[in-house]
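Which chain is which? The protein sequence lines are A and B, in order. Taking my numbering, the leading residue of the first sequence gets 995, the next gets one more, and so forth. Taking my numbering, the leading residue of the second sequence gets 1075, the next gets one more, and so forth. We put the beta carbon where it would ideally sit given N, CA and C, even for glycine. Presented below is the structure to which this report refers.
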Amino acid sequence: MPATPATTPVPSVHSGDTAPAASLETLKDEAMQAAKLRAARTSRAFERVYGVLNVAGLGFLVPVMRMLRGESARAQLKELWRLLGVPVTAFAIFLFAWSQIASHIVTSLGQIPGPKEVWQQSEALWQDHVQQRERRAEFYQRQAERNAELLKEDPHAEIHVFKYTGKVTYIDQIITSLKTVFTGFILASLIAIPVGILCGVSANINAAVNPFIQIFKPVSPLAWLPIVTMMVSALYVTKDPMFEKSFITSAITVALCSLWPTLINTALGVASIDKDLLNVAKVLQLKWSTRLFKLIIPSSLPLIFTGLRLSLGVGWMVLIAAEMLAQNPGLGKFVWDEFQNGSSESLSRLMVAVFTIGVIGFLLDRVMYTIQSLVNFSGRR
Amino acid sequence: MRVFVNRQLALMQKSKAVGVIRTLLVAVAMTTLGAGAVQAKPLKLEKQQLKLGFIKLTDMAPLAIAYEKHYFEDEGLYVTLEAQSNWKVLLDRVISGELDGAHMLAGQPLASTIGYGTQADIITPFSMDLNGNGITVSNDVWARMQAHLKKDADGRFVHPIKADALKPVVEEYKHEGKPFKMGMVFPVSTHNYYLRYWLAAAGLNPGYYVPNDISGQIKADVQLSVTPPPQMPSTLEAGTIYGYCVGEPWNEQAIVKGVGVPVITDYEIWKNNPEKVFGVTKAWAEKNPNTLLALTKALIRAAIWLDADNGAHRKEAAQILSRPEYVGADYNVIAKSMTGTFEFGKGDVRSLPDFNVFFRYYATYPFYSDAVWFLTQMRRWGQIDEAKPDTWYAETAKKVYRPDVYMQAAQMLIDEGKAKKEDFPFGTDGYKPATKDFIDGIEYDGHKPNAYINKFAIGLKGKQKITGGVIK
Chain A
995 MPATPATTPV PSVHSGDTAP AASLETLKDE AMQAAKLRAA RTSRAFERVY
1045 GVLNVAGLGF LVPVMRMLRG ESARAQLKEL WRLLGVPVTA FAIFLFAWSQ
1095 IASHIVTSLG QIPGPKEVWQ QSEALWQDHV QQRERRAEFY QRQAERNAEL
1145 LKEDPHAEIH VFKYTGKVTY IDQIITSLKT VFTGFILASL IAIPVGILCG
1195 VSANINAAVN PFIQIFKPVS PLAWLPIVTM MVSALYVTKD PMFEKSFITS
1245 AITVALCSLW PTLINTALGV ASIDKDLLNV AKVLQLKWST RLFKLIIPSS
1295 LPLIFTGLRL SLGVGWMVLI AAEMLAQNPG LGKFVWDEFQ NGSSESLSRL
1345 MVAVFTIGVI GFLLDRVMYT IQSLVNFSGR R
Chain B
1075 MRVFVNRQLA LMQKSKAVGV IRTLLVAVAM TTLGAGAVQA KPLKLEKQQL
1125 KLGFIKLTDM APLAIAYEKH YFEDEGLYVT LEAQSNWKVL LDRVISGELD
1175 GAHMLAGQPL ASTIGYGTQA DIITPFSMDL NGNGITVSND VWARMQAHLK
1225 KDADGRFVHP IKADALKPVV EEYKHEGKPF KMGMVFPVST HNYYLRYWLA
1275 AAGLNPGYYV PNDISGQIKA DVQLSVTPPP QMPSTLEAGT IYGYCVGEPW
1325 NEQAIVKGVG VPVITDYEIW KNNPEKVFGV TKAWAEKNPN TLLALTKALI
1375 RAAIWLDADN GAHRKEAAQI LSRPEYVGAD YNVIAKSMTG TFEFGKGDVR
1425 SLPDFNVFFR YYATYPFYSD AVWFLTQMRR WGQIDEAKPD TWYAETAKKV
1475 YRPDVYMQAA QMLIDEGKAK KEDFPFGTDG YKPATKDFID GIEYDGHKPN
1525 AYINKFAIGL KGKQKITGGV IK
């Protein structure tokens, strides 16, 4: 998103003249100058706020604020129209077209649901979540009663409290998906950043790793999954597993597919450090660790974060497929189960899932973009 | 509905009780037992938190009911039910221990135990239901089949519809250069065997399996392939297959979606045929014997509930199953077959009270003779590639089917006043009497599997083997 050009006038600062006998005039002048300075300071503060808003994806608030601060309404309205009016209108047109076209397409599951049905289903999913929470409370109530009875019969009976066994709700599934994608993403970063740095530092290592990158980068999660499943089943054998196998399988698949952008960008970032800096480090005979943490990593941070942002995007996209096959109870399983259900509500629910996945993906990207911008403009070098 | 009630009456002549009287009897039995019986000591459970898998089919009902009616919790079990994407995934997850147990195809524990497919020792203490499957063909195939069918006085097609009517259609498809393809849900599924039985009874060869070619299409007139149950209607709609054999609600779904027409149910292929089982690994059962007993108890109670009072609970059961976390299809689709009727073709609703049997006719008892029948079909179609003696069939059945666990659980329920003694086959040797209730009338006696195999016109028999695509 292009930064909005600064339009605030820079206050011109006069040097205090030596006007002969106009003490009142001087005072007035000084007061005005102070006010101008204050205004300049607030302007700068606002500029900073505008910057943050832009980065956070709330750029449309900028013209509103500018208008409130009394800047040219006409220019700002135009800007507001571009930033808010156009997207909203486009979305409205999309909704209208969707509702019109939907009623004309009939699948074996009935008509394609329009925006209204999809909205109803998202409400129904929320209702279901609320109901499930009530059922959970009842479950714990029953369990407590049973346990009390057991204790009454035998005061030494071993009592366990078990977690709710009912179905996971849509909200639970979203949370599971987020946990899974971040686990996979962190795993990927832990591998990709060190390997990327090594590749960037040494041309030989780069040459050795490059074929693997080229071969494994385009592999679909669906191809990885069966292999990962088998490996996890064989290697992850514990009596009391902390994580579900399906969770680990999905997270590893996400990691395998999402580590490449970070790896490539890190390597590129490290390799393109200014040679002069490296030479200076050599001259100063800096220790290897100092060179790494004070020079190499800080210099390549912008590109590392560019890679991380791409990786998270890939990870989120891959996750849905991985969850479908690995039966990890997240959004992917929701999509698969609804496809299998084939009820009259399934299509609407699937569309709710599509929008949820899209919105969450967008938010994740925004968060990464914000971090990336902060790193890029922090001027640390 | 009338036939439904009549059959119930006939069945219950033994206890000479109907409806209300029956409930009263149960109540009386419960009070007398409760007063005199020693309070059974609660089982010491090795594991209380369990995860059980299922496939989205109406015959997973005992699991859903045991959960929703808190029968699991009554036994001190805290069970999570989880839908699985297909039978292979389900089996693998039971073997790997991710699932404690699952709703399984009857062939799965047998095939795993004898090492066909994934090798693992799996046992079953509980049969989940009888019947419940149907064969559906596409609209085009149905249109062509009608020319070869007879109508009765009311203008309805005479049932059961035999595959004889399909045979000329298969020929037509072949002439058009299209090999005739049908779907079933798994190589060792009951659906595969019932579909093969139906086809072969009309002289259509469904193809043989050999150890190095597990597609099962050698010498096939009709090519069968695997599709997960819930995907059947959409695969049929896509034109990949021209028909399929699957459990409910996926036959009735074809009618509702308008993509196909169910022509026959497995009840008409073999009256009261065994269907799904509840399976756990042998290792799991040995480690958690009391938990297995408790599970079996809860499942028996669920089965009793499902068939109680002439099916009075079936509507509620269909409601529960229609929730997205269970079967998830629309209520009206599930209710079609769950409430004693079956819709063959749009509007052709016929009474079929025994389409879904969960408890009557000793449905939940794991009969050795059922296991042996599946083994005979595995041999018939080459999944068991060499001749085995009759004793082998009996021993394999004994390894997998565990009526001892079942009867122990039943006895406990009787002692607790939660079940009636006459509902369980005390004194049986585990073999049902010989029966001719098949669409081709061939008699099956579980004690003589080899003699049975030799009766079929199509199928491997005696010491026959397939080498190089030739039966020798």
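request  = Spatial neighbours of D1238(B) within its chain, please: CB distance less than 6 Å, with the 5 preceding and 5 following residues excluded, ordered by chain position.
outcome  = Counting only residues of its own chain and dropping the five nearest sequence neighbours on each side, D1238(B) has a CB closer than 6 Å to the CB of A1276.
inquiry  = Classify Q1457(B): buried if its beta carbon has 16 or more other beta carbons within 10 angstroms, exposed otherwise.
reply    = Q1457(B) is buried by the Cβ-count criterion.
ask   = Buried or exposed: K1371(B), going by 16 or more other Cβ atoms within 10 Å of its Cβ?
value = Counting C-beta atoms within 10 angstroms of its own C-beta, K1371(B) has 16 or more neighbours from the protein chains shown and is therefore classed as buried.
task = Please check if any C-beta of chain A sits within less than 9 Å of the C-beta of H1177(B).
result = Interface flag for H1177(B) against chain A is unset, since no Cβ pair is found closer than 9 Å.
message = Using C-beta distances below 7 Å, list every residue in its chain close to Q1366(A), excluding the 5 sequence neighbours before and after it, in chain order.
response = Here the set comprises F1299, T1300, R1303.
ask   = So, helix, strand or coil for Y1480(B), using DSSP?
value = In the three-state reduction of the DSSP assignment, Y1480(B) falls in the helix class.
inquiry  = Starting from G1309(A), trace the alpha helix (DSSP H) in both directions and tell me its first and last residue.
reply    = Residues 1291 to 1320.
message = Can you tell me which residues form a DSSP beta bridge with P1336(B)?
response = DSSP, once it has assigned bridges, lists T1210(B) as partnering P1336(B).
request  = Output, in chain order, the set of chain A residues within a Cβ distance shorter than 9 Å of K1162(B).
outcome  = Going along chain A, no residue has its Cβ under 9 Å from K1162(B), so there is no contact; the nearest lies around 11 Å.
inquiry  = For S1170(B), would you say it is in contact with chain A, using Cβ-to-Cβ distances shorter than 9 Å as the test?
reply    = Answer yes: the Cβ-Cβ gap between S1170(B) and chain A drops below 9 Å somewhere.
request  = Could you name the residues that DSSP lists as bridge partners for V1284(B)?
outcome  = Under the DSSP definition of a beta bridge, V1284(B) partners with D1287(B).
inquiry  = For a cutoff of 9 Å on Cβ pairs, would you count Q1366(A) as touching chain B?
reply    = Not an interface residue.
Inter-residue spacing [alpha-carbon to alpha-carbon] between T1314(B) and L1341(A) = The alpha-carbon of T1314(B) is positioned some 22 Å away from that of L1341(A).
Beta-bridge partners of Y1400(B), as assigned by DSSP = Under DSSP, Y1400(B) forms no beta bridge with any residue.
ask   = Looking only at DSSP bridge pairs, what is G1127(B) linked to?
value = Paired residues: E1156(B), A1176(B).
ask   = Per DSSP, which one or two residues make a beta bridge with T1198(B)?
value = According to DSSP, which records beta bridges pairwise, T1198(B) is partnered with Y1475(B).
ask   = What are the boundary residues of the alpha helix (DSSP H) that Q1297(B) is part of?
value = Note, Q1297(B): premise wrong, no alpha helix (DSSP H); beta strand (DSSP E) at 1296 to 1300.
key: Other residues of its chain near L1181(A): CB distance less than 6 Å, five sequence neighbours each side excluded   = Closer than 6 Å at the Cβ level, and outside the excluded window around L1181(A), lie A1249.
message = Please tell me whether H1154(A) has its Cβ less than 9 Å away from any Cβ of chain B.
response = For H1154(A), the closest Cβ of chain B is nearer than 9 Å.
request  = Would you mind sorting M1026(A) into buried or exposed? The rule is 16 or more other CB atoms within 10 Å of its CB.
outcome  = Counting the other CB atoms within 10 Å of its CB gives M1026(A) a total below 16, which places it among the exposed residues.
ask   = chain A beta carbons: is any one of them nearer than 9 Å to that of G1322(B)?
value = The amino acid at residue 1322(B) is misidentified as Gly; the sequence shows Glu. Look at E1322(B): its C-beta is not under 9 Å from any C-beta on chain A.
key: Cut-off 6 Å between Cβ atoms - residues of its own chain near S1240(A), not counting five sequence neighbours on either side   = Only A1320, Q1321, N1322 meet the Cβ criterion.
message = Taking the alpha-carbon of Q1482(B) as reference, which of D1464(B), Y1442(B), I1374(B) has the nearest alpha-carbon?
response = Ranked by Cα distance from Q1482(B), the options D1464(B), Y1442(B), I1374(B) are led by I1374(B).
query = Considering only residues of the stretch 1083 to 1161 of chain A, which uninterrupted alpha helix (DSSP H) runs meet the minimum length of 4 residues and lie entirely inside it, listed in chain order?
reply = Runs of the alpha helix (DSSP H) inside the stretch 1083 to 1161 of chain A: 1109 to 1147.
inquiry  = Does K1262(B) come out as helix, strand or coil in the three-state DSSP assignment?
reply    = In the sequence under discussion, the amino acid at residue 1262(B) is Val, which differs from the Lys named in the question. V1262(B): coil per DSSP, three-state reduction.
inquiry  = Do L1184(B) and L1449(B) count as a contact pair if the criterion is CB distance below 9 Å?
reply    = Yes.
message = List, in chain order, every chain A residue whose beta-carbon is nearer than 8 Å to that of P1477(B).
response = Simply none; closest approach about 29 Å.
task = Determine whether the Cβ of R1397(B) lies closer than 9 Å to any Cβ atom of chain A.
result = Contact with chain A is found for R1397(B), since one of that chain's Cβ atoms lies less than 9 Å from the residue's Cβ.
message = Once the 5 residues before and after V1446(B) are set aside, which same chain residues still bring their CB inside 6 Å of it?
response = The answer, listed in chain order, is Y1467, A1471, G1520, P1523.
task = Under 8 Å between beta-carbons, which chain B residues line up against N1335(A)? List them in chain order, please.
result = Within 8 Å Cβ-Cβ: K1130, P1304, P1398, V1401, G1402, A1403.
ask   = Going along the chain, which residues of its own chain have a beta-carbon closer than 7 Å to the beta-carbon of K1090(B), five neighbours each way excluded?
value = In this prediction, K1090(B) has a pLDDT of 46, which is less than 50 and means its spatial position is unreliable; nothing more can be read from the coordinates.
ask   = Would a check of beta-carbon distances place A1111(B) closer than 9 Å to chain A?
value = Bear in mind that a pLDDT of 42 at A1111(B), under 50, signals an unreliable position, so the number given afterwards is only what the model happens to contain. A1111(B) does not count as touching chain A.
query = Any chance the stretch 1123 to 1133 of chain B sits against the stretch 1150 to 1159 of chain B, with 3 or more Cβ pairs inside 8 Å?
reply = Touching, yes, given that three or more Cβ pairs across the two stretches are closer than 8 Å.
message = Can you confirm whether the stretch 1211 to 1220 of chain A touches the stretch 1272 to 1279 of chain A when touching is taken to mean that 3 or more C-beta pairs between the two stretches lie within less than 8 Å?
response = Output reads no: the stretch 1211 to 1220 of chain A does not touch the stretch 1272 to 1279 of chain A.
query = Residues of chain B with CB under 7 Å from Q1105(A), in chain order?
reply = Residues of chain B passing the Cβ test: none, with the nearest at roughly 13 Å.
query = Between I1540(B) and G1533(B), is the Cβ-Cβ spacing less than 9 Å?
reply = Cβ distance not < 9 Å, so I1540(B) and G1533(B) don't count as in contact.
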